[in-house]
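**Q** Positions 16 to 525 (the numbering used here) are the ones given, in order, by the sequence shown.
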Amino acid sequence: MSDRVLILPLTIPLITRLPNDHPIKLLRQGHGICTKSRVAYSLNKVTKNIIFGDGRMTTKTETLATFASELKFEDIPSEIVERTKDCIIDTIAACTFGSELPWSQMMIKHALTTSGSGNVSIFGPEGYKVQPAMAALANGLLSHSFELDSLRMPSAGMHAGASIVPCAFGMGQEMAASGKDVITAFTAGIEVLTRIAQSSNHSSEDIGFHNPGINGGFGGGMAAGYLMGHSPEQMTNTLGIAGSLCSGLLEFAMSGTGGMVKRLHLGRAAESGILAATLAREGFTGPNTVLEGKFGWMNVFCRGALEEKLTEELGRRWDAERIVFKRFSCHITSHTPVQGILDMQAEYGFSGDDVAKILLEGDKKCGTHHDIPEPADVMLGQYSNNFCIALALFKDPRDPRNFSQESIEDPKIREVCRNVEIRELPEADKFEYALGSRLTVTLKDGRTLKHDAPSFKGLPIDPLDRASLWEKFSRLCYRLGEKEAKRLFDQLCNLDDIKDISKLDVTGKV
């Protein structure tokens, strides 16, 4: 009876509204018994009156695990398939650019030294291949190595590309999976990850945790587990194991030093996803209440968490449509003010040398986490609203190479940086997009200019089209050469047609 489910009475009208092939149709007049693995998730979407054969209710953790295990490519709307491919393209581009950076080179050296040879690519033109977990560690760091990776809006404190793509693509290579399977694995990961991240109620960072470090492993684990063919029980164990691998502190933002460690948080998240799924495959177990239990994720890493968010609209709302793609190599809170500065310069014709001071009014987080007037290094500069605004006055922020130590030490940029004041935008003036901002620029000639920057291109309301995505991809993958970059871009655009992604050259190495 351990794999059986007793369904308490459902009304006949509810039954008759279901599709003919729905698992509940197997239950005569709303009563009966079916296998847990087939119907637990499906039934939970309709009723909470589910009791397993051992007399207990299904947990939220088990519901998410069952959804991820039983998702099919055919379940996913076509527009979500395309958005998922965009995220994979964007992440591989971010990794390829990031692979040449000093902190990335440190991680690649570690991966090559620690791991034996393997089947999984470390993205970049060098063509390195290592074992899955080590590749995920490296690629997770590479994707987040220069603030170029995707995230989600409305904000949930998660980075789906950096957390999930290294697991989905890497395990896809390891298992010689099809492109459709990789897309499905990513979708399973993001749907679970989003709901876990949302349940935190934006509280984790208030107590010092860096959100992507403590939630990313859940999404990566679901993607990896899907490609390993995990059952719902194995998926539940994957989540249970991943919950004990969460890590990532925000002290780098408070101390003004040690910014490299921020990159590591996404690498460890992706690595923990592979580790959790691999152990679960071997029979290793984790708690089936890891998310909602007394000492589970929501009660330990959060304050005032919202348990109902864990399964909200699961299977009906697709969160890939809420992915945000960045155009600038900086924290998401800087995107509207940077775009605003560019728009103001175009309209009013002033230069950075003309600016006396700037007032930025935006989200509360801009002041509490990103008011860093004198960043010590590039990592902290990218996290600093002050620096990103100042940089945009003197250099093109669309070119990631301008976010450099040379720019950090530029006297003109540093002077403006110190003269950027940051305040929370009054509640009555806030924009529909939470990170919209208002800029007040005072020029040395006495003029005061004001500008509202409610959004930026790359948001779900103004998404990047494939032409814009190619512009970013080609810029970031310049080391591949234009011909190889275009070949890879086109193949990734048609990922769902690829039968075995282990045969796809993602490095451009000849």
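Here a beta-carbon is modelled for each residue, glycine too, at the ideal position from N, C-alpha and C.
1. Please name the residue, chosen from Leu-357, Ser-219, Ser-178, Ala-291, that lies closest to Arg-318 on a Cα-to-Cα basis.
2. Taking the alpha helix (DSSP H) that Gly-176 belongs to, which residues open and close that run?
3. I believe Ile-198 touches Leu-484 by the beta-carbon criterion, under 8 Å. Please report the beta-carbon distance rounded to the nearest angstrom.
4. Run through DSSP, which three-state label would Ser-259 get?
5. DSSP state of Ile-373, grouped into three classes?
6. Is Met-168 helix, strand or coil when you go by DSSP?
7. Residues in the same chain with beta-carbon distance under 8 Å from Lys-379, minus the five sequence neighbours each way, listed in chain order, please.
8. Inspect the CB distances between the region 332-342 and the region 192-207 and report whether three or more fall short of 8 Å.
9. Could you check the C-alpha separation between Asp-467 and Asp-444 for me, to the nearest Å?
10. Quickly, what does DSSP pair Ala-500 with across the bridge? List them, please.
11. Quick one: what's got a C-beta closer than 6 Å to Ala-151's C-beta in the same chain, skipping five residues either side?
12. With a cut-off of 8 Å, do at least 3 Cβ pairs link the region 99-116 to the region 236-254?
13. Touch check for the region 426-441 and the region 376-391: three-plus C-beta pairs under 8 Å?
14. For Arg-318, name the three-state secondary structure that DSSP assigns.
15. If contact is defined by three or more beta carbon pairs under 8 Å, each pair taking one atom from either stretch, is the region 320-331 in contact with the region 147-166?
16. Looking at the strands, I want to know which residues DSSP matches up with His-217.
17. By DSSP's criteria, Asp-467 is part of a beta bridge. Which residues make up the other side?
18. Please determine if the region 186-194 and the region 304-316 are in contact, where contact requires at least 3 C-beta pairs separated by less than 8 Å.
19. Identify which residue in Arg-453, Ala-238, Arg-416, Ile-387 has its Cα closest to the Cα of Val-431.
20. Does the beta-carbon distance from Ser-270 to Thr-351 come in below 8 Å?
**A** Quick look at the numbers:
1. For the purposes of this step, residue 318 is identified with residue 303 of the sequence shown, where counting begins at 1. For Arg-318, the nearest C-alpha among the options comes from Ser-219.
2. Here residue 176 is taken as the residue at index 161 of the sequence shown, counted from 1. Segment 175-190, the alpha helix (DSSP H) holding Gly-176.
3. As a first step, residue 198 must be located in the sequence shown, where it is residue number 183. As a first step, residue 484 must be located in the sequence shown, where it is residue number 469. 16 Å between Cβ atoms; not a contact.
4. The sequence position of residue 259 within the sequence shown is 244, counting from 1. If DSSP states are grouped into helix, strand and coil, Ser-259 belongs with the helices.
5. Residue numbering aside, residue 373 sits at position 358 when the sequence shown is read from its first letter. Of the three classes helix, strand and coil, the one that applies to Ile-373 here is strand, per DSSP.
6. Looking up residue 168 in the sequence shown gives position 153. Residue state, collapsed to three classes: coil.
7. Taking the first residue of the sequence shown as position 1, residue 379 is located at position 364. Glu-439, listed in sequence order.
8. yes
9. Taking the sequence shown and counting its residues from 1, the one referred to as residue 467 is at position 452. Taking the sequence shown and counting its residues from 1, the one referred to as residue 444 is at position 429. Their Cα atoms are separated by approximately 10 Å.
10. Against the sequence shown, residue 500 aligns to sequence position 485. In DSSP, Ala-500 forms no bridge with anything.
11. Locating residue 151 in the sequence shown gives position 136, counting from the first residue. Within the same chain, Ala-151 has close Cβ partners Pro-181, Cys-182, Gly-185, Ala-285, Glu-286, Ile-289.
12. no
13. At 8 Å Cβ cutoff, the stretches touch.
14. For this step, residue 318 is matched to residue 303 along the sequence shown. DSSP places Arg-318 in coil when its eight states are reduced to three.
15. no
16. The count along the sequence shown starts at 1 and reaches residue 217 at position 202. Looking at the DSSP assignment, His-217 forms no beta bridge with any residue, so it has no partner.
17. As a first step, residue 467 must be located in the sequence shown, where it is residue number 452. Arg-453, per the DSSP bridge assignment.
18. no
19. Here residue 431 refers to the residue found at position 416 of the sequence shown. Ranking Arg-453, Ala-238, Arg-416, Ile-387 by Cα distance to Val-431 puts Ile-387 first.
20. Taking the sequence shown and counting its residues from 1, one reaches residue 270 at position 255. Taking the sequence shown and counting its residues from 1, one reaches residue 351 at position 336. No, they are not a contact pair.
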